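Novice: With the UniProt record's numbering as the guide, the letters of the sequence shown map in order to residues 1 to 309. Cβ coordinates follow ideal geometry from the N, Cα and C atoms, glycine included. As the structure is a prediction and not an experimental result, all values here were calculated from the model. Once you've had a glance at the structure underneath, I'll fire off some questions.
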Amino acid sequence: MFGLNLSFAHPIALVLLVAPILLLRRVWRRPGRRVVLPFDHGRQAPGRGWAALIDLAESVPALLLAVAILLIAGPQRLGEPRTKRILTNIEFCVDISGSMTAKLGEGSRYDASMAAIDEFLDFREGDAFGLTFFGNNVLHWVPLTSDTSAIRCAPPFMRPEIAPPWFGGTEIGKALLACKRVLEQREEGDRMIVLVSDGFSFDLSDGNDLDVATDLKESNIVLYAVHISDSPIPDEIVNVTRLTGGEVFEPGDPDGVKAVFRRIDEMQPARLEKTAAESADHFGPFCVAGLSLLGVVGLASFGVRYTPW
């Protein structure tokens, strides 16, 4: 019933078990009940059976005291090892240059991207998300957090149509390195960047793409890219994603954008790890034993008790 992994929060209290042990000793080793009664010409049985039954009944209060002491000591046992979801820190890096206003489906490329990100948040419940907008400059809009409401509310405020002029171009290399610095602040969990862009970035040319990929890989960051454009995927983006262990996708419509994010979720599944078993209170069996003994005391009080006459 108790198992081998039973422990006590206050083991010093177990010293008090000496009291019920002494009580039990007194019950079973006290002098016999030698009372002379005037039975004329009678031969009475020794009554050893009744004596043993009475001793058992009188032992119950001592056992009840022992159970109370065990409860005071705080019985505990190790629980089953649990699995814990390893946190993934995901930074969305979204292009808000002028070309993101191009039509895609019923809205713009920006609208399709943010709608897909909104759906992606539901796939990765429990992870931490951050949101970075970029053009020629970088703006960290939402810090890494498990509260996704800020990201869901972000689309109206940084639309390409209302973005400041210094966000008009596309510098993907600068944005990726800025996201890298954000992710490096998180020591716990995996790290991933999801890049959403539709353009070519000059700051990845002349071998800079390999430098950026090396920096990301050294920080254990995986890059996935969504290229929302009719133009071919730039080779530099392909290099960075593959060197970091990620992939680049080219959706053709809003549904394709959402499908891409579902694919990213499948390619980067949440990892689980087993945590050490924790001690938990284990009062149940002792409470059952105590209540049972209390019931026996009540039943015994109806007649199974020692009297000196």
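Could you check the C-alpha separation between residue 5 and residue 77 for me, to the nearest Å?
Specialist: Between residue 5 and residue 77, the C-alpha separation is close to 6 Å.
Novice: What did DSSP end up calling residue 309 once you bin it into helix, strand or coil?
Specialist: Note that residue 309 has pLDDT 48, beneath the 50 cutoff, so the model's placement of it is unreliable and no number is given.
Novice: How should residue 153 be labelled, buried or exposed, when 16 other C-beta atoms within 10 angstroms of its C-beta is the threshold for buried?
Specialist: Exposed is the call here.
Novice: On the criterion of 16 or more Cβ atoms from any shown chain inside 10 Å, does residue 262 qualify as buried, or is it exposed?
Specialist: Burial call: exposed.
Novice: When the Cα atoms are used, what is the spatial distance from residue 123 to residue 147?
Specialist: So the two alpha carbons sit approximately 14 Å from each other.
Novice: Where residue 29 and residue 278 are concerned, what is the direct C-alpha to C-alpha distance, given to the nearest angstrom?
Specialist: If you take the alpha carbons of residue 29 and residue 278, they lie about 44 Å apart.
Novice: Under three-state DSSP, which class holds residue 132?
Specialist: Here residue 132 sits in strand by DSSP.
Novice: Out of 257, 253 and 177, which one is the CA nearest neighbour of residue 105?
Specialist: The candidate whose alpha carbon is nearest that of residue 105 is 253.
Novice: I'd like the list of long-range same chain contacts for residue 114, defined as Cβ closer than 7 Å, with 5 residues on each side in sequence excluded.
Specialist: The residues are 155.
Novice: Three Cβ pairs or more, each shorter than 8 Å: is that satisfied between the segment 167–178 and the segment 197–206?
Specialist: A contact exists between the segment 167–178 and the segment 197–206.
Novice: Mind checking residue 288: buried by the 16 CB within 10 Å criterion, or exposed?
Specialist: Exposed is the call here.
Novice: Enumerate, from N- to C-terminal direction, the unbroken beta strand (DSSP E) stretches of 3 or more residues contained entirely within the segment 174–231.
Specialist: Those beta strand (DSSP E) runs which fall completely within the segment 174–231 and span 3+ residues are 190–197 and 221–227.
Novice: Does the beta carbon of residue 195 come closer than 9 Å to any beta carbon on chain C?
Specialist: The structure shown contains no chain C; it is built from a single protein chain.
Novice: So is residue 10 buried or exposed if we call it buried at 16+ other beta carbons inside 10 Å?
Specialist: Residue 10 is exposed by the Cβ-count criterion.
Novice: If you reduce the DSSP assignment to three classes, tell me which class residue 97 lands in.
Specialist: Coil.
Novice: Classify residue 249 as helix, strand or coil using the three-state DSSP reduction.
Specialist: Here residue 249 sits in strand by DSSP.
Novice: With a cut-off of 8 Å on the beta carbons, I'd call residue 96 and residue 133 a contact; round off their distance for me.
Specialist: Their Cβ separation, rounded to whole angstroms, is 5 Å, which keeps residue 96 and residue 133 in contact under 8 Å.
Novice: Could you check the C-alpha separation between residue 16 and residue 299 for me, to the nearest Å?
Specialist: One C-alpha to the other measures close to 27 Å.
Novice: Tell me the rounded alpha-carbon separation between residue 25 and residue 69.
Specialist: Going by the C-alpha atoms only, they are around 18 Å apart.
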